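Participant: Before anything else, here's the structure in question.
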Amino acid sequence: MSLTSDPPIDKATGPHTTVPTATGHDALTVVPVRHPWRWVAVAATAVVLAQFLHGLITNPGWEWDVFAQFFTAGTILKAVWVTLQLTLYGTVLGFALGIVLAFMRLSGSRFLRAVAYAYIWAFRSIPLIVQLLFWFNLAYLYKELRFGIPFGPGFFSFDTMNLVGAMSAAVLGLALHQAAYAAEIVRGGVLAVDDGQSEAAAALGIPRHRQLRRIVLPQAMRSILPNAANEIISLFKGTSIVSVMAIGELFYQVQVVYGRNGRVVPLLMVATVWYILLTSVLSVLQHYVERHYAKGAAR
Amino acid sequence: MSSTTEDTTPTPDAMVEIRSVHKRFGSLDVLRGIDLSVRAGEVTVVLGPSGSGKSTLLRTINHLEKVDRGWISVDGTLIGYRRDGDKLYELREREVLRQRTRIGFVFQNFNLFPHLTVVENIIEAPVAALGRPKKEALATAERLLARVGLADKAEAYPKQLSGGQQQRVAIARALALEPKLLLFDEPTSALDPELVGEVLDVIKDLALQGTTMIVVTHEIGFAREVADTVVFMDEGRIVEQGAPGDVLDRPRHERTRAFLSKVL
Numbered sequence: 001m002s003l004t005s006d007p008p009i010d011k012a013t014g015p016h017t018t019v020p021t022a023t024g025h026d027a028l029t030v031v032p033v034r035h036p037w038r039w040v041a042v043a044a045t046a047v048v049l050a051q052f053l054h055g056l057i058t059n060p061g062w063e064w065d066v067f068a069q070f071f072t073a074g075t076i077l078k079a080v081w082v083t084l085q086l087t088l089y090g091t092v093l094g095f096a097l098g099i100v101l102a103f104m105r106l107s108g109s110r111f112l113r114a115v116a117y118a119y120i121w122a123f124r125s126i127p128l129i130v131q132l133l134f135w136f137n138l139a140y141l142y143k144e145l146r147f148g149i150p151f152g153p154g155f156f157s158f159d160t161m162n163l164v165g166a167m168s169a170a171v172l173g174l175a176l177h178q179a180a181y182a183a184e185i186v187r188g189g190v191l192a193v194d195d196g197q198s199e200a201a202a203a204l205g206i207p208r209h210r211q212l213r214r215i216v217l218p219q220a221m222r223s224i225l226p227n228a229a230n231e232i233i234s235l236f237k238g239t240s241i242v243s244v245m246a247i248g249e250l251f252y253q254v255q256v257v258y259g260r261n262g263r264v265v266p267l268l269m270v271a272t273v274w275y276i277l278l279t280s281v282l283s284v285l286q287h288y289v290e291r292h293y294a295k296g297a298a299r
Numbered sequence: 001m002s003s004t005t006e007d008t009t010p011t012p013d014a015m016v017e018i019r020s021v022h023k024r025f026g027s028l029d030v031l032r033g034i035d036l037s038v039r040a041g042e043v044t045v046v047l048g049p050s051g052s053g054k055s056t057l058l059r060t061i062n063h064l065e066k067v068d069r070g071w072i073s074v075d076g077t078l079i080g081y082r083r084d085g086d087k088l089y090e091l092r093e094r095e096v097l098r099q100r101t102r103i104g105f106v107f108q109n110f111n112l113f114p115h116l117t118v119v120e121n122i123i124e125a126p127v128a129a130l131g132r133p134k135k136e137a138l139a140t141a142e143r144l145l146a147r148v149g150l151a152d153k154a155e156a157y158p159k160q161l162s163g164g165q166q167q168r169v170a171i172a173r174a175l176a177l178e179p180k181l182l183l184f185d186e187p188t189s190a191l192d193p194e195l196v197g198e199v200l201d202v203i204k205d206l207a208l209q210g211t212t213m214i215v216v217t218h219e220i221g222f223a224r225e226v227a228d229t230v231v232f233m234d235e236g237r238i239v240e241q242g243a244p245g246d247v248l249d250r251p252r253h254e255r256t257r258a259f260l261s262k263v264l
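Those protein sequences? They're chains A and B, same order as listed.
Residue numbers for the first sequence follow our numbering, beginning at 1 and rising by one.
Residue numbers for the second sequence follow our numbering, beginning at 1 and rising by one.
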């Protein structure tokens with residue numbers, strides 16, 4: 001980026017517009033335009049950055065020794081694992097349901113389209129935290145869960161209180177919330193594939209499910225992946241909201257520890273660095289998965 | 001749907017029979033009663049201004065478009081419907097897909113699968129739709145690529161090829177199913193002028209080998225050289241049809257004359 005965009009003007013003669021003639025001008029030297037203000041901006045930014053780093057190292061408030069002590073502590077590692085599990089289950093279940101919803105919205109049946117639309121509307125409208133608390137308190141609404149003929153006799157039943165423990169309530173809430181967003185991402189990806197692709201596949205007599213799996217979805221993945229990666233990363237950090245349900249995930253565990261020892265800042269840094277580290281791993285994974293689906297693409 | 005008075009018994013030597021086909025998109029009548037027979041081994045070229053319904057007609061032949069009235073049969077089989085008494089029942093998608101494996105279709109925009117290599121494009125339908133062993137399909141693909149002059153491009157991706165090469169791959173892909181009938185929807189309209197010749201040469205070669213084809217095109221020279229029958233369409237109807245010498249050089253209808261004077 002350039003801060004100065006004026007053309008270089010020769011002070012003595014004004015803008016030089018004469019076209020050089022062939023004789024005697026073969027070795028004209030090109031002088032690039034100078035950007036003195038750019039150097040000023042670079043210097044100013046460098047000073048601010050240096051101050052920040054200096055503060056990180058010298059300010060005793062960060063308590064890096066406490067950070068080091070807790071960063072790999074057993075309770076924290078266990079909490080990181082819980083966070084990863086919540087992300088994994090939320091992603092897998094959320095996208096599985098999301099794909100179903102996406103194809104319901106693309107279906108020829110007006111009823112299926114309406115149901116999927118209503119689902120997406122509802123779950124995008126309810127704040128995640130409100131929804132999580134609903135699931136957590138499911139036992140208030142339904143005392144037991146029974147499998148059997150709809151409106152008829154049941155075969156076996158569960159006590160809701162035991163079935164929907166805190167962890168499964170959290171996974172359920174995250175997945176149902178994620179499904180609404182995943183559905184729109186998948187639908188967008190499918191719509192981005194040129195109509196001619198499924199038409200060509202249909203003209204070749206390729207069976208319907210194979211058209212989807214082999215022709216449409218791999219191409220849809222190219223536009224699904226960047227958005228899906230955004231969603232997974234945001235779900236990964238979003239699991240911290242589950243701390244309201246007293247589930248021992250990373251953010252909750254950190255709160256428990258600093259509640260006990262009062263070292264708020266270093267423990268927040270423990271959580272922060274873990275979140276940054278694992279998000280970076282996800283970003284690297286995203287790069288490789290995207291490269292796989294870019295086969296045959298010009299860019 | 002279909003008028004019950006129309007006879008659905010195909011004529012013996014006709015590869016394609018089109019009877020009284022009507023099609024409308026919303027309030028627009030695209031096809032207003034088309035009757036056409038194509039004999040086995042013949043090349044039929046369909047000409048006409050844009051919007052005359054020629055592409056739609058082609059797409060009804062492999063049921064990419066449903067017809068509103070009338071019927072179409074290919075090689076003695078009704079397309080898209082099953083006749084029971086005086087009713088035509090719409091076929092399930094799976095049955096329509098099976099019928100399409102006997103009809104090759106080449107698109108104006110090639111519609112190759114960009115994420116698959118050339119050879120993967122060609123073996124996809126034989127393996128997935130006809131259940132051919134992969135090895136056999138690969139051998140056929142190799143032979144077909146040689147036939148369209150692209151033996152060295154088997155492992156390339158479509159985007160690495162020129163438009164003319166892509167269309168030749170698309171023709172090989174259609175041939176891989178060993179279809180009874182080949183349909184071409186303006187196969188050279190999306191090509192740079194200098195690449196049109198190589199695609200037309202491949203189609204001419206197929207014509208010489210007795211492939212039954214219906215070609216929608218604007219290439220009058222190609223029609224004159226290759227067609228057994230030239231059909232001129234306008235506003236959803238067939239205005240006239242006959243040998244290329246008759247239709248192109250001695251058109252009987254004013255509309256045909258006007259069209260030819262513009263494109264020749």
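Each residue gets a CB set at the ideal place from its N, CA and C atoms; glycine is no exception.
As the structure is a computational prediction, the values presented were derived from the model and not from experiment.
1. Under 9 Å Cβ-Cβ, which residues of chain B neighbour Gln219 of chain A?
2. Hey, out of B:Gly53, B:Glu42 and B:Ser37, whose CA is closest to Asp185 of chain B's CA?
3. Residues in its own chain within less than 7 Å of Ala180 of chain A by CB, not counting five upstream and five downstream?
4. Quick check on Lys159 of chain B - is its C-beta less than 8 Å from some C-beta in chain A?
5. For Gln160 of chain B and Leu248 of chain B, what's the separation of their Cα atoms in angstroms?
6. Run through DSSP, which three-state label would Thr4 of chain A get?
7. With a cut-off of 8 Å on the beta carbons, I'd call Val263 of chain B and Pro187 of chain B a contact; round off their distance for me.
8. Determine the DSSP secondary structure at Ala227 of chain B, reduced to helix, strand or coil.
9. How many angstroms separate the CA atom of Val265 of chain A from the CA atom of Leu53 of chain A?
10. Using DSSP with H/G/I as helix, E/B as strand and the rest coil, what is Val31 of chain A?
11. Between Met1 of chain A and chain B, is any beta-carbon pair separated by less than 8 Å?
12. Could you tell me whether the Cβ atoms of Arg168 of chain B and Val199 of chain B are closer together than 8 Å?
13. Using a beta-carbon distance below 8 Å, is Glu124 of chain B in contact with chain A?
14. Determine the burial state of Glu90 of chain B: buried for a count of at least 16 other Cβ atoms within 10 Å of its Cβ, exposed for fewer.
15. Around the Cβ of Pro244 of chain B, are there at least 16 other Cβ atoms within 10 angstroms (buried) or fewer (exposed)?
16. Looking at the structure shown, is Leu191 of chain B part of a helix, part of a strand, or coil, going by DSSP?
17. Below 6 Å CB to CB, which residues in the same chain sit around Ala229 of chain A once its five sequence neighbours on both sides are set aside?
18. Using a 10 Å radius around the Cβ and a threshold of 16 neighbouring Cβ atoms, would you call Val16 of chain B buried or exposed?
19. Please check if any C-beta of chain B sits within less than 8 Å of the C-beta of His287 of chain A.
20. What residues in its chain sit with their C-beta under 6 Å from that of Gly173 of chain A, if we drop five residues either side in the sequence?
21. I'd like to know if the segment 100 to 111 of chain A and the segment 251 to 263 of chain A are in contact, where contact means that at least 3 CB-CB pairs between them fall below 8 Å.
22. With distance defined between alpha-carbon atoms, name the residue in B:Gly163, B:Val215, B:Lys23 and B:Gln165 nearest to Arg69 of chain B.
23. For chain A, check one thing: does any of its Cβ atoms lie closer than 8 Å to the Cβ of Ala154 of chain B?
24. Of the residues that make up the segment 204 to 216 of chain A, which ones have a beta carbon closer than 8 Å to any beta carbon in chain B?
25. Within the continuous beta strand (DSSP E) that includes Arg237 of chain B, where are the two ends?
26. Counting only beta-carbon atoms, is Glu290 of chain A nearer than 8 Å to chain D?
27. Just list the residues that DSSP pairs Phe107 of chain B with in beta bridges.
28. Determine the burial state of Asp234 of chain B: buried for a count of at least 16 other Cβ atoms within 10 Å of its Cβ, exposed for fewer.
29. Assuming contact is defined by CB atoms lying nearer than 8 Å, are Gly296 of chain A and Asn111 of chain B in contact in what I supplied?
30. Examine chain B for any beta-carbon lying closer than 8 Å to the beta-carbon of Asp10 of chain A, and answer yes or no.
31. Using a Cβ distance threshold of 8 Å, determine whether the segment 69 to 78 of chain A contacts the segment 204 to 217 of chain A, with at least three qualifying pairs required.
32. Between Gly33 of chain B and Arg19 of chain B, what straight-line distance do the alpha-carbon atoms span, to the nearest angstrom?
33. Alpha carbon to alpha carbon, how far is Ser48 of chain B from Ile220 of chain B?
34. Taking CB distances under 8 Å as the criterion, tell me whether Arg98 of chain B reaches chain A.
35. With distance defined between alpha-carbon atoms, name the residue in B:Leu191, B:Ile123 and B:Leu57 nearest to Ser37 of chain B.
36. Assuming contact is defined by CB atoms lying nearer than 8 Å, are Val43 of chain B and Val215 of chain B in contact in what I supplied?
Facilitator: Let me spell this out:
1. Correct list: Phe113, Pro114 and His115.
2. Of the candidates B:Gly53, B:Glu42 and B:Ser37, B:Gly53 places its Cα closest to the Cα of Asp185 of chain B.
3. Only Tyr119, Ile120, Phe123 and Arg124 meet the Cβ criterion.
4. It does; some Cβ of chain A falls within 8 Å.
5. Straight through space, the alpha carbons of Leu248 of chain B and Gln160 of chain B are spaced by roughly 38 Å.
6. With a pLDDT of only 49 at Thr4 of chain A, under the threshold of 50, the placement of this residue in the model should not be trusted; the figure read from the coordinates follows. Thr4 of chain A: coil per DSSP, three-state reduction.
7. Contact between Val263 of chain B and Pro187 of chain B does not hold, since the beta-carbon distance rounds to 17 Å and is not under 8 Å.
8. Ala227 of chain B falls in the coil class under three-state DSSP.
9. One alpha carbon belongs to Val265 of chain A, the other to Leu53 of chain A, and they sit about 16 Å apart.
10. Val31 of chain A falls in the coil class under three-state DSSP.
11. Because Met1 of chain A carries a pLDDT of 44, less than 50, the predicted location of this residue cannot be relied on, and no value is offered for it.
12. In this structure, Val199 of chain B lies closer than 8 Å to Arg168 of chain B by Cβ.
13. Yes, its Cβ sits closer than 8 Å to a Cβ of chain A.
14. The residue is exposed, with fewer than 16 neighbouring Cβ atoms inside 10 Å.
15. The residue in question, Pro244 of chain B, is buried, as its Cβ has 16 or more Cβ neighbours within 10 Å.
16. Three-state DSSP puts Leu191 of chain B in coil, outside helix and strand.
17. In its chain, beyond the 5 residues on either side, Gln286 have a beta carbon closer than 6 Å to the beta carbon of Ala229 of chain A.
18. Residue environment for Val16 of chain B: buried (at least 16 other C-beta atoms within 10 angstroms of its C-beta).
19. Taking Cβ atoms only, chain B never reaches closer than 8 Å to His287 of chain A, which makes this a no.
20. For Gly173 of chain A, where only same-chain residues beyond five positions count, the Cβ hits under 6 Å are Gln131, Leu132 and Trp135.
21. Pairwise C-beta distances place the segment 100 to 111 of chain A out of contact with the segment 251 to 263 of chain A, as fewer than three of them are shorter than 8 Å.
22. Comparing Cα-Cα distances from Arg69 of chain B to each of B:Gly163, B:Val215, B:Lys23 and B:Gln165, the minimum goes to B:Lys23.
23. Not one chain A Cβ lies under 8 Å of Ala154 of chain B.
24. Cβ contacts with chain B: Leu204, Gly205, Ile206, Pro207, Arg208, Arg210, Arg214 and Ile215.
25. Start and end: Arg237 to Gly242.
26. In the displayed structure, chain D is absent; the protein chains listed are A and B.
27. In the DSSP output, where bridge partners are listed per residue, Phe107 of chain B has none listed.
28. So Asp234 of chain B counts as buried.
29. Not a contact, by the Cβ cut-off of 8 Å.
30. Note on Asp10 of chain A: pLDDT 48, under 50, position unreliable in the model; the coordinate value appears next. At least 8 Å separates the CB of Asp10 of chain A from every CB of chain B.
31. By the criterion of at least three beta-carbon pairs nearer than 8 Å, the segment 69 to 78 of chain A is not in contact with the segment 204 to 217 of chain A.
32. Distance between the alpha carbons of Gly33 of chain B and Arg19 of chain B is about 8 Å.
33. According to the sequence provided, residue 48 of chain B is Gly. The question's Ser does not apply to it. So the two alpha carbons sit approximately 11 Å from each other.
34. So yes, Arg98 of chain B belongs to the interface.
35. Looking from the CA of Ser37 of chain B, the closest CA among B:Leu191, B:Ile123 and B:Leu57 belongs to B:Leu57.
36. For Val43 of chain B and Val215 of chain B, yes; Cβs fall inside 8 Å.
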